[in-house]
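Colleague: Counted from 1, the sequence shown has number 198 at position 199 by numbering that gives the first Met the number 0; the numbering is strictly sequential.
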Amino acid sequence: MGDETGKKRAATGRTHEHSDRKQKRKKLWRTTGSKSSAKPTLESGDSGIFVTCDRGREGKCTAEILDLLSQEIPDPSQNESEEQDSPTRGDADDIEAQIKKEVECMKPKKSPAPFQAVKLDVPCLLFIKVDKSIDPVELVHRICMDAHAHPGKKRSRYVKRLTPITATRKILGGGIEELAREVLEPHFHSDSSPKKYAIRPTVRNNHEWPRDTVIRLVARAVGQGHAVDLKNYDALILVDIIQNICGMSVVGGDYEKLKRYNLAEIYSATPRPQPEPTASPKGSDNMKVE
């Protein structure tokens with residue numbers, strides 16, 4: 000009788016131990032999943048694009064801009080698959096190398112997405128992180144130039160203004176000055192040629208940094224030998240402050256021509272070709288029109 004009771008207790012203990020292990024595995028799985036599904040945030044050091052839209056259209060705007068950007072930048076995973084599909088002569092007769100190659104093909108690809116949407120606590124505004132290999136200024140300029148050259152091929156409905164950001168920094172601790180030195184150096188300090196420039200700051204959700212203060216700090220980083228010209232500038236310095244993060248970039252002199260990179264205005268402002276008149280001119284009602 001005592002032996003049977005001991006066996007039952009041992010079996011019950013093993014059952015509880017097995018159940019505890021299952022619970023630990025479940026908790027571990029949930030923890031791992033929660034880390035991998037963390038939403039991207041705007042951080043110091045990011046580069047990308049600020050995108051504006053109408054209130055309540057943030058979700059549709061996000062999907063639209065990601066689709067638009069994916070048309071401009073090829074998917075790196077596509078290139079990887081093409082490289083894996085291409086045969087190599089040296090491995091054709093080598094069974095061991097062929098097996099190794101097949102195993103590599105079965106492994107999950109770790110190519111990072113070139114674009115990541117960041118949801119901001121600001122209505123009508125979102126941020127798209129871009130991979131470090133992509134120049135956001137060149138990318139946005141190319142999209143706007145295409146819209147200006149082909150107004151009949153409207154590629155967006157919800158996207159408004161695109162503001163490229165070369166780099167970002169936290170404002171505290173001299174972040175704006177440090178950011179200005181980094182972003183402006185290739186444009187104003189790499190050669191001795193003088194440039195005409197302007198500074199255009201935008202401040203959101205921050206009352207501690209007036210526009211005039213930001214302009215003075217950035218102008219100090221530009222340095223001597225360059226002249227301020229608010230209309231006929233060679234380079235325009237864009238400064239965007241949102242909460243405690245500052246982003247900055249330098250764009251070219253066609254910024255106004257391209258409607259300050261506002262896609263909606265580029266499409267709507269470009270006159271469409273008018274059809275040929277089908278009615279007779281005034282006083283020529285009896286003329287036959289083919």
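No residue lacks a Cβ here, since even glycine has one placed at the ideal position from N, Cα and C.
Enumerated in chain order, which unbroken segments of the beta strand (DSSP E) with a length of 3 residues or greater are wholly contained in the stretch 136 to 201?
Modeller: 161 to 164, 166 to 169, all fully within the stretch 136 to 201.
Colleague: Determine the extent of the beta strand (DSSP E) in which ASP239 is found, giving its start and end residues.
Modeller: 234 to 241 is the span of the beta strand (DSSP E), which, as asked, contains ASP239.
Colleague: Cutting at 7 Å between CB atoms, please list the residues of its own chain near LEU216, excluding the five before and the five after it.
Modeller: Result list for LEU216: ILE175, GLU176, ALA179, in chain order.
Colleague: Mark ASN231 as exposed unless 16 or more other C-beta atoms lie within 10 angstroms of its C-beta, in which case mark it buried.
Modeller: ASN231 comes out exposed.
Colleague: Can you name the residues that DSSP bridges to ALA226?
Modeller: In DSSP, ALA226 forms a bridge with LYS195.
Colleague: What separation, rounded to the nearest whole angstrom, lies between the Cα atoms of ILE64 and ASP120?
Modeller: In a straight line, the C-alpha of ILE64 is about 19 Å away from that of ASP120.
Colleague: Alpha carbons only, please: which of ILE170, SER192, PHE187 is nearest the one belonging to VAL202?
Modeller: Of the candidates ILE170, SER192, PHE187, the one whose C-alpha sits nearest the C-alpha of VAL202 is ILE170.
Colleague: With contact counted as at least three CB pairs below 8 Å, one residue from each stretch, are the stretch 41 to 54 and the stretch 125 to 138 in contact?
Modeller: Taking 8 Å as the limit for Cβ pairs, the verdict is that the stretch 125 to 138 does touch the stretch 41 to 54.
Colleague: Spell out whether any CB of chain B is found under 8 Å from the CB atom of LEU68.
Modeller: Considering every chain present, this structure includes no chain B. It has just one protein chain.
Colleague: Which whole-angstrom value describes the C-beta separation of LEU237 and MET247, a residue pair presumed to lie in contact below a C-beta threshold of 8 Å?
Modeller: Contact holds; Cβ gap of about 7 Å.
Colleague: Could you spell out where the alpha helix (DSSP H) holding CYS245 opens and where it closes?
Modeller: No alpha helix (DSSP H) holds CYS245; the beta strand (DSSP E) holding it covers 244 to 250.
Colleague: So ILE142 and PRO200 are supposed to be a Cβ contact under 8 Å. How far apart are they, rounded?
Modeller: The pair is not a contact, with the Cβ atoms about 23 Å apart (cut-off 8 Å).
Colleague: Only counting the same chain, and skipping five residues up and downstream in sequence, which positions put a Cβ closer than 6 Å to that of LEU262?
Modeller: ALA146, SER155, VAL158, listed in sequence order.
Colleague: How close, in whole Å, do the beta carbons of GLU181 and ALA197 come, if the pair is a contact with beta carbons under 8 Å?
Modeller: Contact doesn't hold; Cβ gap of about 20 Å is too wide.
Colleague: Return the CA-CA distance between ARG160 and ASN204, expressed in angstroms with no decimal places.
Modeller: ARG160 and ASN204: Cα-Cα distance of roughly 18 Å.
Colleague: Around the C-beta of VAL249, are 16 or more other C-beta atoms found within 10 angstroms, so that it is buried, or is it exposed?
Modeller: Per the 10 Å Cβ criterion, buried.
Colleague: DSSP three-state label for GLY47, please.
Modeller: Residue state, collapsed to three classes: strand.
Colleague: Are the CB atoms of PRO39 and GLN115 within a distance shorter than 8 Å?
Modeller: Against a cut-off of 8 Å, the Cβ pair of PRO39 and GLN115 comes out as a contact.
Colleague: Please state whether the Cβ-Cβ distance between LYS195 and ASP134 is less than 8 Å.
Modeller: For LYS195 and ASP134, no; Cβs fall outside 8 Å.
Colleague: As a quick exercise: from VAL227, LYS256, TRP208, ILE214, pick the residue whose alpha carbon is nearest that of GLN242.
Modeller: Of VAL227, LYS256, TRP208, ILE214, the residue nearest in Cα terms is TRP208.
Colleague: Is HIS342 near PRO185, with beta carbons less than 8 Å apart?
Modeller: One cannot answer for residue 342 here, as it falls past the ends of the chain, which runs 0 to 289.
Colleague: I need the straight-line Cα distance from ARG219 to ALA96, nearest angstrom please.
Modeller: Rounded to the nearest angstrom, the two C-alpha atoms are 60 Å apart.
Colleague: Does DSSP put LEU257 in a helix, in a strand, or in coil?
Modeller: If DSSP states are grouped into helix, strand and coil, LEU257 belongs with coil.
Colleague: Quick one: give me the first and last residue of the alpha helix (DSSP H) that LYS59 is part of.
Modeller: 57 to 71 is the span of the alpha helix (DSSP H), which, as asked, contains LYS59.
Colleague: If you draw a straight line from the C-alpha of ALA112 to the C-alpha of GLU71, how long is it?
Modeller: Roughly 14 Å between the two C-alpha positions.
Colleague: Rounded to the nearest angstrom, what separates TYR260 and THR51 at their Cα positions?
Modeller: Distance between the alpha carbons of TYR260 and THR51: 11 Å.
Colleague: Got a sec, what are the start and stop residues for the alpha helix (DSSP H) LEU216 sits in?
Modeller: Start and end: 210 to 221.
Colleague: Identify which residue in SER191, LEU257, GLY173 has its Cα closest to the Cα of THR212.
Modeller: The shortest C-alpha separation from THR212 is found at GLY173.
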